[in-house]
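Here the working numbering is used: the first residue of the sequence shown is 19, the next is one more, and so on.
C-beta atoms are modelled at their ideal positions from N, C-alpha and C, and glycine is treated no differently.
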Amino acid sequence: MKVSFVALNDENRIYFERVFPREIELESFRVAVGAIDEEGKVLGAVSYVLMNYEYSLDWLFVEPQVRLQGVGRMLVDQVCRIIMNTGDLFPLTAQFEFSNEDDELHTFFLSIRHFITSYSHERYYVTKDDIKQSQGLRKVIKTGVTTELFFDRPVEEQKKLLNMLMREQSYEVADYDRWKKSCVPELCKCIFAKNTLVDLIFVQRTADGNLELSYLYGKYPKGLMELISETLSNLELYFSDYRLTFDALSDEGIRLAENLFPKAKKAHVYEAEF
């Protein structure tokens with residue numbers, strides 16, 4: 019099968035909508051490539067972003083009827099060629115899930131010899147039952163603290179707080195404007211005590227348009243429970259059609275997820291690096 023590649027842009031992406039959903043925005047930091055056959059039939063698409071001094075594959079999709087014919091490998095190889103031509107020395111990584119229901123990407127990346135694949139973390143898909151249960155935390159834990167929207171604070175103060183979190187090596191924001199654009203303002207909240215940050219929660223949009231509970235910071239556990247409860251209440255109110263995920267990057271994150279989201283589907287996340 020002869021395959022050609024097309025750089026996706028705002029004009030031609032409508033032809034690739036089946037393999038590259040409209041929810042994924044084509045920004046200056048995201049490069050997307052589509053694959054077509056000799057008859058012009060769309061076969062698949064891939065996209066990657068440059069974040070925190072590394073390239074990351076954030077989308078890869080091949081039409082089911084042409085899978086196992088090398089299209090996915092060709093798309094990834096095309097990305098590698100593009101990146102090598104930039105002259106940058108940043109690594110290329112891709113995260114993918116492995117579960118009993120779906121191990122296609124796991125098998126795929128293991129088959130690409132120039133990628134090193136290793137276990138990364140656990141991902142939880144939060145259910146409606148989990149959300150309702152977490153909303154009930156507020157009735158059980160009476161905190162007496164006041165929550166506020168993080169983005170209602172002055173921009174310079176936002177950046178100062180982010181720098182503090184980065185010094186603690188718990189959160190990285192390489193490009194503030196780009197990072198802020200992916201956040202959901204109504205679901206990013208904080209608690210202050212005597213002008214000191216004690217609790218913080220961030221929710222961001224994923225590449226496919228869904229939501230990710232991307233960061234929790236808690237010096238005051240009861241306050242953190244208040245933040246989670248209020249955030250999930252707003253999520254159900256304003257974003258009820260969205261799927262919410264939570265990535266547990268440490269043993270503490272796993273314990274938190276298992277207590278907060280006991281009914282969530284769990285998937286193992288692996289990382290492949292070129």
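query                                                                                                                                                                   : result
With a cut-off of 8 Å on the beta carbons, I'd call V163 and I209 a contact; round off their distance for me.                                                           : 5 Å
Could you give the distance in angstroms between the alpha-carbon of Y260 and the alpha-carbon of L250?                                                                 : 12 Å
Measuring straight from C-alpha to C-alpha, what distance separates G10 and L78?                                                                                        : Since the first residue of the chain shown is 19 and the last is 292, residue 10 is not available in this structure.
Could you spell out the range, first to last residue, of the beta strand (DSSP E) harbouring D217?                                                                      : 214-223
Leaving out five residues before and five after Y238 in sequence, what residues of the same chain have Cβ atoms less than 6 Å from its Cβ?                              : V216, D217
Is it a yes or a no for the segment 224-233 touching the segment 256-273, going by three-plus beta-carbon pairs under 8 Å?                                              : yes
For Q113, report the span of its alpha helix (DSSP H) as first-last.                                                                                                    : Per DSSP, Q113 belongs to no alpha helix (DSSP H); it is in the beta strand (DSSP E), 110-116.
Once you ignore the five residues that flank Q113 on each side, which residues in its own chain have a CB closer than 6 Å to its CB?                                    : V287, E289
A50 and L26 - do their beta-carbons sit closer together than 7 Å?                                                                                                       : yes
Express the C-alpha separation of E291 and H132 in angstroms, rounding to a whole number.                                                                               : 8 Å
I'd like to know whether the C-beta atoms of Y142 and F279 end up nearer to each other than 7 Å.                                                                        : yes
Please specify which runs of the alpha helix (DSSP H), each continuous and at least 4 residues long, are wholly inside the segment 127-201, giving them in chain order. : 146-153, 155-158, 173-185, 194-200
Compare the beta carbon distance of S247 and S188 with 7 Å and say whether it is the shorter of the two.                                                                : no
Name the DSSP beta bridge partners of G62, please?                                                                                                                      : A53, V80
Tell me which residues share the same chain as R297 and place their Cβ nearer than 7 Å to its Cβ, disregarding the 5 neighbours each side in the sequence.              : This structure cannot settle anything about residue 297, because the visible part of the chain is limited to 19 through 292.
If you follow the beta strand (DSSP E) that V287 is part of, which residue opens it and which one closes it?                                                            : 283-291
Among the candidates N213, A211, V202, whose CA atom is the shortest distance from the CA of R223?                                                                      : V202
Taking only the alpha-carbon atoms, compute the straight-line gap between V97 and L107 and give it to the nearest angstrom.                                             : 14 Å
CB D148 to CB A282, shorter than 7 Å?                                                                                                                                   : yes
Do F34 and R196 come within 7 Å of each other at the CB atom, strictly closer than that value?                                                                          : no
When DSSP builds the beta bridges, which residues end up paired with I209?                                                                                              : T165, D217
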